[in-house]
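These notes concern the structure reproduced below.
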Amino acid sequence: MEKYDHKAIEPKWQKYWEKEGLHKTPDNTKGKSNFYLLVEFPYPSGNLHVGHWYAFSVPDILARFHRMNGRNVLYPIGFDAFGLPAENAAIKNKINPRTWTYDNMDYMRKQIRSMGASFDWSREVVTCDPDYYRWTQWQFLQFFKNGLAYRKDTPVNWCPSCKTVLANEQVVDGHCERCGSEVEQRNMLQWNLKITNYADRLVDDLDKLNWPEQIKDSQRNWIGRSIGAEFDFSVVGVKEKITVFTTRADTLFGATYLVLAPEHGLIEQLKGRLSNWDEIVRYIVLSKKRTEIERTAVTKDKTGVELKGVKAINPATKLEIPIFIADYVLAHYGTGAIMAVPAHDDRDLEFAKSFNLPIKPVIAQIDSAREAFPGLIRSKIESIKESGFSHAGDGILINSGKFDGLPNQEAKAKIVAEVGGREKKTYRLRDWVVSRQRYWGVPIPIIHCEKCGDVPVGDTDLPVLLPDVEDYLPAGDGRSPLAKVREWVEVKCPTCKGKAERETDTFDTFVDSSWYYLWYTDPRNKKEFASRKKMDLWMPVNLYSGGAEHTTMHVLYSRFWQKALFDLGLVKDEEPYTRRMNRGLIMGPDGQKMSKSRGNVIDPDTVVAELGADTVRMYLAFIGPYHETGTYPWSPEGISGVRRFLDRVWRLQERIGTTSTEAVKRSLHVAIKKVTEDIPALKFNTAIAAFMTFLNEAEKGTLATAEYKLLLRALAPFAPHLTEELWRTLEEKGSIHTEDWPVFDAALSESATVRIGIQVNGKVRETLEVVKDESEAEILKKALAHPRVVKWVEGKEIIKKVYVPGRLLSLVVSE
RNA sequence: GGGCGCGUGGUGGAAUUGGUAGACACGUACGCUUCAGGAGCGUAUGCCGCAAGGCAUGGAGGUUCAAGUCCUCUCGCGCCCACCA
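What follows is the structure, given as structure tokens:
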């Protein structure tokens, strides 16, 4: 017999499967149920890493399993092909971003094919292809026409020396990554999508999804819905009021000063009354220089300036309190102004300490409240305790006039009602800024006309093609390099035919990826982004596997996108993904994140050349539970163990006899049962362990061809090449991958006997092998006859016994 | 600071969801084999102990006949977010 030679086997069958079109997904699903398995498509970075293998080759097991179980499986792949790195490469290496991207994709396609994954390449999506982005533009225009897209002044990172907008990742410690200049904040008109309109539904609909709670919680926290209240603080001698937002209306009596964001509009209006105007202006200028990153970074020292000459009035206490500006208050959150309660807010406390402001506690913790209110409200305190402290600072109100003695959560609504506030919901979530001042992205299909305003490009003029340019340097006025292509920019207004200019911004790449899962259902449709019929056939996605880092970005954005399409009547489902899972992370052999600088990078191509794709696939499936977000170090010894397993499966051919021994048969059916249960539960690691257990047994006995074939079929999703080769060696005509999933024999998969643990006073003293449906009385009798049990029971009285059928018998005896 | 999660042998991980802790694999040791290889096969392998037995799931308590699993406190680690009021 020849040796297991993966180098000969793997390319051979990959070519064969391709030629036979084995992985083409038919839309005709007569009598079959559909299964849509989605994996996050890669960015064309240029080289496949182990993480890609983990992301694509392991779910392939599930795809193949469902196919063998008679389901019609959609398992597509493509490229998220627009983005900043291509543009950076263009500037750095004087290479066309398109060339860079398409070359990378060519190379990566070859690498992905080497996995032997059953992707249907005929449905490949490439987001920078005009056939795709035409519909990205079209969908955006539907949103625009329905009031979901708008332009707004938004701060961006600006490098004064490179004269360009910087992405957050290009800002290092507040300096430009490339030239080191200090980064400034600068406002630019940017396109936004109104994801905040959907905030409630994005939170509420999570309840309907069968996702891991962890992922749902992340999204809930990210959206950050909080029910708070607004209060108006009047300013002495002025008719304007300062409206603050708070989630802690219960602490209103403890508000000892107000803080406005430096950008707050009222400041300018108060100019005439302020005695320290110069100081204020200096502070405003200073804080504008600080980037959002700096302002939102951990800084112990709170800075700010008092608005001298004006005072506000706390509507609850009617006392005059000072007003400050400070950059720890953000203009775009809430109302851009806060009431500061130093006694019950850490940030306010810091600030109050540095400015020597009064700190007035208005909530007493439960225990001190007991002393403050002896007897009277004891029952109330108990009821709070029972209902549980939902928040760390919960307690009983003090120093709060007639609200004294109320539990703080209860006091919220009462104070809002009686002091004259307004209940208000707010969200941490902000609208989604979708424009980028970049070349390598989807052109935003809007034309700016002096007369008509922002005019959408007509449907028949889509796609707005991204023009080829030679000079990728930014325009210098903050606009993308597109602004320099005058013949492209200057157009006639579609409405009035007058002089107009194209929008030169391009879309954030998250826009491209917000609907790619729909394209897969009906790729290359020239008339619509996807036909309703085909979308309805496949959507919603049955399982979406991806990385945890996309939980609050891509996954949330695409949920929003789907809902927006739903509201426009364009799709049937309100949610795109029935089930979402986050996989873990493959680390270097040293347990650290793989990185070139650490020198712990595993190159999958090298390992595949050495051990084969089947080994790599199976090792990654074996390394740990796939649906949990742990970190798994790559172990060179560990993977050779998996290779050894496949070698043994190969050599098992030699042992094939005319009959299978009973024990071998049984252990095979036990294994198949286990694997059948584990694959849909994504527990590939224990499924593989079951195969190994079987193999250990099989090598002790003999195996007939029939059983060997059963093994190969069950193993086919894990090691598609090896099993195909062995299958054909057995003179089978068709591909093993068109075979049915093996059905285990229930009678064989279950043992006739069970081992029962005998516990005495909680400790296992003996185990008994008994027939499966042995009676409790018989087991007790046998147990009491065993010397090891007798030793612990002798001369004592059995006070209690608990029998768990098939598991154990627990005896409690007197001392 | 906030949120989420995780701590099980020398290592990666199992554990029917409250029921015999450590499956399977790696590593290690000893042995056997030999077209001497980065090969194959066998046996052993949680810790202490000659044994009987005892101790073990980060630590301390608790509930229970029974706890890795549930509760309380505590220590350590990881990830995400972060001046969000």
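Note that my numbering has the first sequence beginning at 221, numbered continuously upward.
Glycine included, C-beta positions come from ideal geometry on N, C-alpha and C.
As the structure is a prediction and not an experimental result, all values here were calculated from the model.
Taking the Cα positions, P962 is about 17 Å away from L942. Restricting attention to I806, R975, L368 and A310, the CA atom closest to the CA of K992 is found in R975. For L282 and P694, the gap between their C-alpha atoms comes out near 46 Å. Per DSSP, P853 is one residue of the beta strand (DSSP E) stretching across T851 to P853. A Cβ-Cβ separation of about 7 Å places N254 in contact with L294 under the 8 Å criterion.
Classified as buried, A475 has 16 or more neighbouring CB atoms from the shown chains inside 10 Å of its CB. For T798, no beta strand (DSSP E) encloses it, and the DSSP letter there is neither H nor E.
Within the segment 740–811, the complete alpha helix (DSSP H) segments at least 4 residues long are 752–758 and 774–787, listed from N- to C-terminus. Counting along the chain, H668 sits inside the beta strand (DSSP E) bounded by residues I666 to C669. Per DSSP, reduced to three states, the secondary structure at E540 is strand. In the assembly as shown, R658 is a buried residue. Its beta-carbon has 16 or more other beta-carbons within 10 Å. Within the DSSP bridge table, the entry for M335 names no partner. F938 carries a coil assignment under DSSP once its states are collapsed to helix, strand and coil. As far as DSSP is concerned, S971 takes part in no beta bridge.
When DSSP states are grouped into helix, strand and coil, W411 belongs to the strand group. Proximity to R803 across I558, L472, T851 and A833 peaks at T851, based on C-alpha coordinates. Across the structure, E570 and R800 are spaced so that their CA atoms are roughly 41 Å apart. In the three-state DSSP reduction, M838 falls in the helix class (H, G or I).
Counting only residues of its own chain and dropping the five nearest sequence neighbours on each side, H286 has a CB closer than 6 Å to the CB of F255 and V293.
One thing to note: V677 has its Cβ within 7 Å of the Cβ of P665. The residue from F964, D326 and E944 with its alpha-carbon nearest to that of E230 is E944. If you ignore the 5 residues before and after I1019, its C-beta comes within less than 7 Å of the C-beta of V1032, V1033 and S1034, all in its own chain and listed in chain order. Taken in chain order, the unbroken stretches of beta strand (DSSP E) that lie wholly in the segment 410–458 and span 3 residues or more are 446–455. In this model, R421 and I415 are separated by some 10 Å (Cα to Cα). One Cα belongs to Q782, the other to W735, and the distance between them is close to 8 Å. In this model, A584 and Y477 are separated by some 21 Å (Cα to Cα). A Cβ-Cβ contact shorter than 7 Å links V525 with E499.
L268 places its beta carbon less than 7 Å from that of Q331. Put simply, of V984, L902, L888 and K893 the residue whose alpha carbon is nearest the alpha carbon of K920 is L888.
Counting the other CB atoms within 10 Å of its CB gives E998 a total below 16, which places it among the exposed residues. A direct Cα-Cα distance of roughly 24 Å separates L840 from K235. Under the rule that a run must span 4 or more residues, the alpha helix (DSSP H) segments found entirely inside the segment 655–725 read 706–709.
Just so you know, the alpha carbons of M759 and V505 end up roughly 52 Å apart. Short of 8 Å from the beta carbon of P581, and not among the five residues preceding or following it, lie these beta carbons of its own chain, in chain order: G474, A563, H564, I618 and N619. Taking the Cα positions, E433 is about 15 Å away from Y797. Per the Cβ contact rule, the segment 424–432 is not in contact with the segment 393–408 (fewer than 3 Cβ pairs under 8 Å).
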